[in-house]
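Chemist:
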Amino acid sequence: QFAFDLAQVAPADMALGCHWAATHPASRFTQHCIVSRCLPDGFASLTGREWTLWRAGAQPLKRTIADAAEYRTVLGECFALPLSLAEVVRLPLGY
């Protein structure tokens, strides 16, 4: 669970948290390919090969990406990330 307030956070604390998330072996960001995007009417996420789309007032849509070509299409169409097929093939997605 998360809590938010208006307390000031020291830049050094932010830097340390960002460094840990980006480099520590136990961080999910070093263990998985993760993409997320806020949309005008919802949110999209891609963790490994699991794609989920949440829209206001609807059940989430979920699917497993079958191959590198489909992964490339989802990255381009849903996340506006135009990777080449060669770049997608190099991602550690376990195809």
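For the sequence shown, the tail end lands on 665 under my numbering, and the numbers increase by one without skipping. Heads up, the beta-carbon is just placed ideally off N, CA and C, and yes, glycines get one too.
1) Tell me, please, which residues DSSP counts as bridged to I604.
2) What are the complete alpha helix (DSSP H) segments, minimum 4 residues, inside the segment 576 to 604?
3) Can you name the start and end residues of the beta strand (DSSP E) that R633 belongs to?
4) Rounded to the nearest angstrom, how far is the Cβ of A626 from that of F649, given a contact under 8 angstroms?
5) Classify G612 as helix, strand or coil using the three-state DSSP reduction.
Modeler: Once the coordinates are examined:
1) Note: I604 sits in a beta bridge opposite T617.
2) For the segment 576 to 604, whole alpha helix (DSSP H) runs of length 4 or above, ordered along the chain, are 581 to 593, 598 to 601.
3) Start and end: 631 to 634.
4) Contact flag wrong, Cβ pair sits at about 19 angstroms.
5) Strand, per DSSP.
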